[in-house]
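For the sequence shown, our numbering puts the final residue at 637, and the numbers step up evenly by one.
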Amino acid sequence: MKEVYTIDDLASRELLDAGCDKPARLAVIGCPIAHSASPSMHQAALDAYGIDCRYIRLEVPAGMVEQSFARMRALDFIGANVTVPHKFDAMTCCDVLDPLAQALGAVNTVRFGVNETTGYNTDGPGFVAAVENSFGVKLADLKVLIVGAGGGAGQAIATQCVLSGVRHLVLANRTVEKIAVLGERLRSLGDGLRIDLMGLDDPKLVELSHECDLIVNTSSLGLYPADPCVLPESCLNARHLVYDTIYKPEVTPLIALAKAKSCQTSNGFSMLLRQGALAFQHWFPNTAPLDLMEKALARRP
337 MKEVYTIDDL ASRELLDAGC DKPARLAVIG CPIAHSASPS MHQAALDAYG IDCRYIRLEV
397 PAGMVEQSFA RMRALDFIGA NVTVPHKFDA MTCCDVLDPL AQALGAVNTV RFGVNETTGY
457 NTDGPGFVAA VENSFGVKLA DLKVLIVGAG GGAGQAIATQ CVLSGVRHLV LANRTVEKIA
517 VLGERLRSLG DGLRIDLMGL DDPKLVELSH ECDLIVNTSS LGLYPADPCV LPESCLNARH
577 LVYDTIYKPE VTPLIALAKA KSCQTSNGFS MLLRQGALAF QHWFPNTAPL DLMEKALARR
637 P
């Protein structure tokens, strides 16, 4: 079994399953994808439930989501998880959207039916569960700063915050223009909601970050060893809760800075686990894979 498959491997069932005992019928697609821990937790749940299939990593270049979905459908795949940078494209490639995916504006889970592809979003509820489990607080009680709000995960998490009752939300992105429409859409969801939009180079970001309780990185900055911290040191103080949706490396530059500032921190493993369990339940209703998945992630090196 390969560590990473490509669209070319979807040319035939014989090619895809060569040397393997079980057929590949689930995947996580992204670019890059080699770092993904999704296969280990999903495969553990599949094996425990006696479901005869493999879950694989599938490297899909930008612009090829529709082609990858078509090939997976042709090979009788059950579904797929979707990660960076494909969550917006995946949404446009679905025939049916779950109401929450429609509301959150991005898709991270798809299920292939006989005649249609259905899109879901488990990032939002997975994030809520992760924050509340990691920090022992209710998300609705917090003022939240989301860094990298222009991406699929950022948009979904920002919307979920509003749906969960957050009353003050700060959205920061490299380019403000990319989050302007999101900001207007979120403001329309409720009265009395305060939303601030700003660029990462805006000097007001430091002041507003100090008004917030929870800081969330939803950008990809921190995936690579040479990446700088997504926020300047002056934005953080010891009272902050800091959540980085990246889980590999476990300690990103943001998490390292937050620890040095004596903040409470958590990385994306908790969200990965919870959104993954919800995705599994979309494919296989009436299952309860959370504990199985958590044990599998704990065994990873």
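Each residue gets a CB set at the ideal place from its N, CA and C atoms; glycine is no exception.
Fair warning: this is a prediction, and the values are worked out from it, not measured in the lab.
Between the C-alpha atoms of aspartate 425 and cysteine 571 there is a straight-line separation of about 33 Å.
Taking alanine 442 as the centre and dropping the five residues before and after it, the same chain places the C-beta of Lys423, Phe424, Ala426, Met427, Asn457, Asp459, Gly488, Ala489, Gln491 and Ala492 closer than 8 Å to its C-beta, in chain order. Residue environment analysis places leucine 525 among the exposed positions, since fewer than 16 neighbouring C-beta atoms fall within 10 angstroms of its C-beta. Taking the Cα positions, arginine 503 is about 44 Å away from glycine 386.
Here DSSP, grouped into helix, strand and coil, assigns threonine 495 to helix. When the five nearest sequence neighbours on each side are left out, the beta carbons in the same chain lying within less than 6 Å of the beta carbon of valine 420 are those of Gly366 and Ser556, in order along the chain.
Unbroken alpha helix (DSSP H) runs of no fewer than 4 residues, entirely contained in the stretch 428-490, are found at 435-440 and 459-471, following chain order. For methionine 408, the uninterrupted alpha helix (DSSP H) run begins and ends at 401-410, by DSSP. Take the alpha-carbon of glycine 486 and the one of proline 539: they are about 19 Å apart. For arginine 521, the enclosing alpha helix (DSSP H) starts and ends at 513-523.
Membership of glycine 612 in the alpha helix (DSSP H) is indicated by the continuous run 605-619. Across the structure, arginine 409 and proline 359 are spaced so that their CA atoms are roughly 14 Å apart. DSSP places aspartate 627 inside the alpha helix (DSSP H), whose first and last residues are 626-635. The distance from the Cβ of alanine 406 to that of alanine 363 is about 14 Å, inconsistent with a contact at the 8 Å cut-off. Per DSSP, methionine 337 lies in no beta strand (DSSP E) and is assigned neither H nor E.
Out of Lys514, Ala373 and Gln403, the CA that lies nearest to the CA of alanine 347 is found in Gln403. Look at the stretch 357-397 and you find these whole runs of beta strand (DSSP E), each 3 residues long or longer: 360-366 and 390-395. In the structure shown, the three-state DSSP call for leucine 557 is coil. Judged by DSSP in its simplified three-state form, alanine 592 adopts helix.
Taking a C-beta distance under 8 Å as the contact criterion, methionine 337 and methionine 629 do not qualify as a contact pair. For the pair valine 552 and leucine 481, the CB atoms are nearer than the 8 Å cut-off. The count of Cβ pairs closer than 8 Å, one atom from the stretch 443-451 and one from the stretch 380-396, stays below three, leaving the stretches out of contact. Between alanine 373 and proline 625, the C-beta gap is not smaller than 8 Å, which leaves the two residues out of contact.
Here proline 589 is buried: its Cβ has 16 or more other Cβ atoms, across all protein chains shown, within 10 Å.
The alpha-carbon of aspartate 353 is positioned some 24 Å away from that of glycine 612.
For aspartate 425, the secondary structure class from DSSP, reduced to helix, strand or coil, is helix.
The three-state reading of DSSP puts serine 545 in helix, counting H, G and I together.
The closest CA to that of valine 566, considering only Leu593, Gln438, Trp619 and Arg575, is found on Leu593. Of the candidates Gln438, Ile414, Phe413 and Gly455, the residue whose Cα lies closest to the Cα of cysteine 430 is Gly455.
Setting aside the 5 residues that flank it on each side, phenylalanine 616 is surrounded in the same chain by His378, Ala381, Thr623, Pro625 and Met629, each with a C-beta closer than 8 Å to its C-beta; the list follows chain order.
Taking C-beta separations shorter than 7 Å and ignoring five residues to either side along the sequence, the partners of lysine 595 in its chain run Thr601, following chain order. Per DSSP, the beta-bridge partners of threonine 342 are Glu395.
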